[in-house]
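Taking it in order: structure first as C-alpha cells, then the write-up.
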Amino acid sequence: MKEKKTNHSIGRDAFAQSFKKLAPRTQIKNPVMFVVYIGAIFVTVLYFLGFAGMREEAPWYVLTIAVILWATVLFANVAEAVAEGRGRAQADSLKKARRDVVARKLKTADVNSEYTEVLSKDLKPGDIVLVKANEQIPMDGEVIEGVASVDESAITGESAPVIRESGGDRSAVTGGTTVVSDWLVVKVTARAGESFLDKMIAMVEGAARKKTPNEIALQILLVTLTIIFLIVCATLLPFSSFVSSLEGAGHAISLTNVVALLVCLAPTTIGALLSAIGIAGMSRLNQANVLAMSGRAIEAAGDVDVLLLDKTGTITLGNRQASEFLPVKGVTEVELADAAQLSSIADETAEGRSIVVLAKERFNIRGRDLSAANAEFIEFSAKTRMSGINLGGDEIRKGAAEAVKAYVESKGGAYPQDCADLVRQVAEKGGTPLVVAKNSQVMGVIYLKDIVKNGVKEKFDDLRKMGIKTIMITGDNPTTAAAIAAEAGVDDFMAEATPEAKLELIRKYQAEGHLVAMTGDGTNDAPALAQADVAVAMNSGTQAAKEAGNMVDLDSSPTKLIDVVRIGKQLLMTRGSLTTFSIANDIAKYFAIIPVLFAGIFPQLEAMNFMGLTSATTAILSAIIYNAAIIVALIPLALKGVKYREKPAKTILAHNMLVYGLGGVVAPFIAIKLLDMLLTACGIL
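The numbering of the sequence shown is full-length UniProt numbering, which starts it at 1 and goes up by one.
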C-alpha cells in the first residue's frame, strides 16, 4: 500500500513537473523535442490567426494538431520527470539523515582531551571529534581511535549495525550515520556541503548528472536527422505551391500539415526518452545500493570486457572451514584432532571454531574446561604466524608450515618429509594447510578448505558468453590460486597479488584496448581503482579507496561488481533498442503518410497508398496521434530497461534488430491503419 502511495505521489509530482519543464530554457536542452515545442507554438499561432481570416485548414483540425503537439512535448517531459521523481523520492529520505548536530571537537587525538562543542556544519578537514553511543557522526571521516558498532541504515537501508575501527580497511565513517555502541574518535575528512551524503543526494536527484559521451554522440545523430527532415519539409511548401499552380494540379500542402509531417518524421520517440533512459539507469544502480559518481561510469560498465575479482568474499565464501585432519606417520588422526582442538579453543576466528567443531563431529572430542589447568593461550600474531596453548608442560602450536617448521627445529625436533608432502597436496587442491606441532614433534596437517560460492561458476560462464574475461586476484600462492581458479571457472588468475602488480595488470589490458573493472576497499587498492575504467569502492573501506573509485557500493559486497556490469549493459541495450525502434518508426511513418498526403498533387502516388488510408486528414491525424501515444507506451520500458540477456553482443544485436527494428517498422502501419479506421468511423474525412 505504501509503495502504491509512493508511486501515486511520484506520478502526481511528475505531471506537475512536466508543465514546469515547458520553459524555453529547459526545452532547448533537448534539441529534437525543442523542434516539436516550436512546432506546437507555430500551429497554435496559426489557429488564432485563423480568426483573423488567415485560414488554410479547418479550425478544428488546426486546433487538434496543436493539442496533439503540445501533448507530445508534455509526454516527453513526463518521461523525464518520472525518472527524476524516483531519484527525488530517494533523495528526500537521504536528506532526513543530513542535519546539523552538535559535535565534540577535541583539542588533541586523545579521547580524554578537552573539547569544545561546535555545529557539524562548522567542522573542517583535519578536525578531530569524539562520537559516543547513540550519537550521530557529524561529518565524513576516518576512525583514528576506538571500535564501535555503527548504524548505517540511513544510507544503505540495512538495519544490521556494522563494525568501524581504527586502522585496517574498515576505518571510514559517513556523516549522518549513528554510533550504536561504545565510542569513536574520528578525524574529519570533508567539509559541509562536500560530504559523501551531499554527493549522494546530488547524484540521486540528478543535479550532478552530466550527459555521457555516448549520449552526446547519439544526440548529435538525432539532431542531424532532425535538421535533414527540417530542410526537406521546408522545401515541400514552395514545391507543392509551384506544382499546384500548374493546370489540373491539386491544393498545395498546408503549413499545419508541414509541421505535423516534420514532427512525425523526426526521431521524437528516442528524443523524448533519451534523458529518461539515462536517469533510470542511474536509478537502477541506486536501487542496487551503488552510488555512481558519473553517468560515464555506468556506460563504461556496459562496455567492460575484463573483470578483476578478489577471491575472498567474491569467488569464495571467505571463511575457510576445517574439512580434514591429515596426521603424519606415527600419529593417529584422533591424536592430531585432540591437539588441534586444544590449540583452537581460544581461537574465535571462523577457522578456529571450525577446527573445534570438526574434532567434535569426527571423534566426539568435547570442549574442555581448562580454567583449573593453568592453561596459557597463545594468540595468533602476524610476526609468529602461529597460535596455540601451553598446557601441563606441553606446548601445542598450529600455524603456517614455514612458521611451525622453524618452531619445531628451534626445539630440536625434525620436520618430516611426509608433512611437507601433505602441505603440498592440500595447496594443490586449493586449500590452506595448517601444521600442528606438540613440543618438538610435528603431528600433522589441518586441511582448511576455501569454499567456492554456489552459482559462481555459472555466472562466469554467462559472462564468458558475453565476451567478458574474468580474472581472479588473490594473495595465495600460485598452486592454491590455480586450484581455486579451476574450480570457480575463471578465465585467468593472479597469485600473490600486490598493489603494484594489480596496477600493472590493469594498464596491460587497457593498452590492449580493453575496458577493465575491479573492486577494492583498502588504501593499497586506491592506485588500481584510480586506473580502472570502472572502479567500485566498498563503503566500508578507507576514504582513499572511495575517492579513487567512480562508484561506491553501500552494501560493501564484492560480488556487486557483476551486478554493476549487468546494469551498465542493460542501459546500453535499452538505449540501443529504443533508438532502433524510433528510427524504424520514422521510416514506416514516411511510407505510410507521404503517398496519401501528396496524392492530391500527384495522383500516381495513390497507387502507393497500399494501406488504404481514407484521406490526408485522417492519415496525418493518425500518424501524429500514434507519434504521441508511442512515447507514453514506451515510458515503462525506458524506466525498467529491456530484459537483460547474458549472450554475445552479435546475438543481442540480431535479437534487437528483429524485435525492435522489425517491430518498429510494423507497429506504425498497424496502429495508423486502426486509427484511420476509427477516425473515418467518427465521420472525419
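Glycine included, each C-beta is placed from N, C-alpha and C at the ideal position.
- Burial check for Asp347: the Cβ neighbour count within 10 Å reaches 16 or more, so the residue is buried.
- The alpha-carbon separation between Leu634 and Val642 amounts to approximately 11 angstroms.
- Listed as beta-bridge partners of Asp476 by DSSP are no residues whatsoever.
- Per DSSP, reduced to three states, the secondary structure at Glu395 is strand.
- The three-state secondary structure of Ile277, taken from DSSP, is helix.
- For Pro213, the uninterrupted alpha helix (DSSP H) segment begins and ends at Pro213 to Ser245.
- Each of Ser577, Asn656 and Gly522 was checked against the Cα of Ser556, and the nearest Cα belongs to Gly522.
- Excluding sequence positions up to five before and after Gln136, its CB lies within less than 6 angstroms of the CB of Val101 and Thr178, all in the same chain and listed in chain order.
- Here Leu434 carries a strand assignment [DSSP, helix/strand/coil].
- Annotation for Glu395: Asn439 place their beta carbon closer than 6 angstroms to its own, counting only its chain and skipping 5 residues before and after.
- According to DSSP, Val185 shares a beta bridge with Leu130 and Glu145.
- Of all alpha-carbon atoms in Leu63, Ile562 and Pro527, the one lying nearest the alpha-carbon of Glu547 is that of Pro527.
- For Ile446, the enclosing beta strand (DSSP E) begins and ends at Gln441 to Lys449.
- Residue pairing by DSSP places Leu307 opposite Thr470 and Ala517 in a beta bridge.
- Contact between the region 66 to 75 and the region 618 to 627 is present: 3 or more CB-CB pairs across the two stretches fall below 8 angstroms.
- With 16 or more other Cβ atoms inside 10 Å of its own Cβ, Gln543 counts as buried.
- Each residue's CA atom was taken as its position, placing Thr212 and Lys199 some 18 angstroms apart.
- Here Glu114 carries a coil assignment [DSSP, helix/strand/coil].
- Following the DSSP letters along the chain, one finds Ala535 inside the beta strand (DSSP E) bounded by residues Val534 to Met538.
- The C-beta separation of Val456 from Ala485 comes to about 11 angstroms, leaving the pair out of contact by the 8 angstroms criterion.
- When the alpha-carbon of Val223 is set against those of Asp151, Leu123 and Ile583, the nearest one is in Ile583.
- With 16 or more other CB atoms across the displayed protein chains lying within 10 angstroms of its CB, Ile473 is buried.
- Burial state of Lys187 is buried, judged by a 10 Å Cβ sphere holding 16 or more other Cβ atoms.
- For Phe493, the enclosing beta strand (DSSP E) has its first and last residue at Asp492 to Met494.
- Non-local C-beta neighbours of Phe377 in its own chain, meaning closer than 6 angstroms and more than five positions away in sequence, comprise Ala346 and Ile389, ordered along the chain.
- Residues Ala584 of the same chain have their beta carbon placed closer than 8 angstroms to that of Leu662, with the five preceding and five following residues left out of the count.
- With contacts defined as CB atoms closer than 8 angstroms, Ala300 and Val534 qualify as a contacting pair.
- Distances from the CA of Leu679 to each of Val45, Val36 and Thr64 were compared; the closest alpha carbon is that of Thr64.
- Ranking Leu637, Leu674 and Gly39 by CA distance to the CA of Arg284 puts Leu637 first.
- Between the region 447 to 466 and the region 254 to 272 there are fewer than three inter-stretch CB-CB distances shorter than 8 angstroms, so the stretches are not counted as touching.
- Val328 sits in coil when the DSSP states are folded into three classes, being neither helix nor strand.
- Judged by DSSP in its simplified three-state form, Met608 adopts helix.
- Counting only unbroken stretches of 3 or more residues, no beta strand (DSSP E) element lies wholly within the region 577 to 661.
- Around the beta-carbon of Pro24, fewer than 16 other beta-carbon atoms lie within 10 Å, marking it exposed.
- For Val632, same chain residues with a beta-carbon under 6 angstroms away, outside a window of 5 residues either side, are Phe75 in chain order.
- Annotation for Leu291: the continuous beta strand (DSSP E) segment containing it runs Val290 to Ala292.
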